[in-house]
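Numbering (this note's numbering), first residue to last: 79 to 171.
Read through the structure below, which is laid out as structure tokens, and then see the notes.
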Amino acid sequence: MSEHRSFQRTNVSWPAAIQLAAGRIVPAKIINFSTNDLRLQCAVLLKDGQTYQMMIEVPDKDDASLRTKVTCKATCMYAILSDSAYQAGMRYF
Numbered sequence: 079m080s081e082h083r084s085f086q087r088t089n090v091s092w093p094a095a096i097q098l099a100a101g102r103i104v105p106a107k108i109i110n111f112s113t114n115d116l117r118l119q120c121a122v123l124l125k126d127g128q129t130y131q132m133m134i135e136v137p138d139k140d141d142a143s144l145r146t147k148v149t150c151k152a153t154c155m156y157a158i159l160s161d162s163a164y165q166a167g168m169r170y171f
């Protein structure tokens, strides 16, 4: 089976956080991203079609110890259990 994507994905390992409800924030890790979507890993099952507030720590391309905190909203396109964690495909805006 071959995948046909509009935008190429880049594998990363970036810390992130997702706001599930008012006051409830869970840690996550971005494992790949493209121009309009990303895949993340977290300990909580996200709901398909639900939009979440997120914060992603993006490392500087020249010095990985420097990070920019980016906030965005993202809609869960799918979520699956993979080993002992959940993975979710998110479309961000």
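Even glycine gets a Cβ: it sits at the ideal position worked out from N, Cα and C.
Of all alpha-carbon atoms in P137, I96 and S143, the one lying nearest the alpha-carbon of Q119 is that of I96. Around P93, the same chain offers E135 as residues with beta carbons nearer than 6 Å, after the five sequence neighbours per side are excluded.
By the Cβ rule, the stretch 100 to 118 counts as touching the stretch 153 to 170, because three or more pairs are nearer than 8 Å. Counted as a single uninterrupted DSSP element, the beta strand (DSSP E) harbouring N110 occupies residues R102 to F111. Taking the CA atoms as reference points, S160 sits about 30 Å from L144.
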